[in-house]
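In the working numbering, the protein residues as written are 373 to 561.
In this text, a Cβ means the ideal position worked out from N, Cα and C, and glycines have one as well.
Read the structure below first, then the notes.
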């Protein structure tokens with residue numbers, strides 16, 4: 373199991389982007405097939421019943437669009453217009469409406485008009501991406517600085533540069549190895 377990058381617990385859209393990553397054995401896609409995608413959605417409280425290949429493709433397209441938005445934010449550039457359009461369209465996939473519930477008093481909640489569907493999940497992920505990019509969390513979005521890592525995280529500590537201790541350890545080990553080689557070469561001269 374891969375360690376969640378900082379912020380994934382606060383933003384399912386950030387977690388969505390990180391479902392495609394590189395590992396020692398190659399590229400990993402946690403949403404590669406309907407069963408895996410449905411499991412991922414359930415783990416992020418975005419249950420969608422009966423996902424099909426078209427739903428998996430929609431999630432993949434949304435992931436790519438959100439990745440472009442996060443990358444543009446981190447690189448301080450304007451994102452590709454198609455990514456903005458795709459996220460906005462996905463946010464409209466399911467209408468949400470305010471609902472009144474009465475527990476220990478009145479409580480207003482936004483609820484899906486299509487609960488348990490792929491539309492609800494896609495729309496919730498897109499809305500979260502909009503909230504991240506357009507809100508206070510946007511200034512915290514950073515790409516992992518470890519060579520070969522493609523994940524993003526929320527940088528809430530000024531010294532944090534990696535999405536996980538694994539990436540940090542890999543960078544430190546590579547730096548140590550480089551120093552050992554340089555010292556060996558210097559002593560051989």
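For residue 457, the uninterrupted alpha helix (DSSP H) segment begins and ends at 453-463. Assignment of residue 473 by DSSP, reduced to helix, strand and coil, places it in the strand class. As the crow flies, the alpha-carbon of residue 464 is around 55 Å from that of residue 552. Rounded to the nearest angstrom, the gap between the Cα atoms of residue 471 and residue 487 is 13 Å. For the options 459, 496 and 443, the alpha carbon positioned closest to that of residue 434 is the one of 459. Here residue 529 is exposed, its C-beta having fewer than 16 other C-beta atoms within 10 Å. As DSSP reads the structure, residue 481 sits in a beta bridge with 471. The beta carbon of residue 478 sits closer than 7 Å to those of 472, all from its chain and outside the five residues before and after it, given in chain order. The three-state reading of DSSP puts residue 400 in strand, counting E and B together. For residue 378, the closest alpha carbon among the candidates 518, 532 and 547 is that of 532.
In the structure shown, residue 394 falls within a strand segment according to DSSP collapsed to helix, strand and coil. For residue 374, the three-state secondary structure derived from DSSP is coil.
Under DSSP, residue 414 takes part in no beta bridge, so it has no partner. Of all alpha-carbon atoms in 549, 500, 405 and 539, the one lying nearest the alpha-carbon of residue 428 is that of 405.
Put simply, the backbone Cα of residue 524 is about 42 Å away from that of residue 561. Considering only 389, 496 and 544, the residue with the shortest C-alpha distance to residue 517 is 544. Taking C-beta atoms as the reference points, residue 494 and residue 431 count as a pair closer than 8 Å.
Residue 501 has its alpha-carbon roughly 10 Å from the corresponding atom of residue 509.
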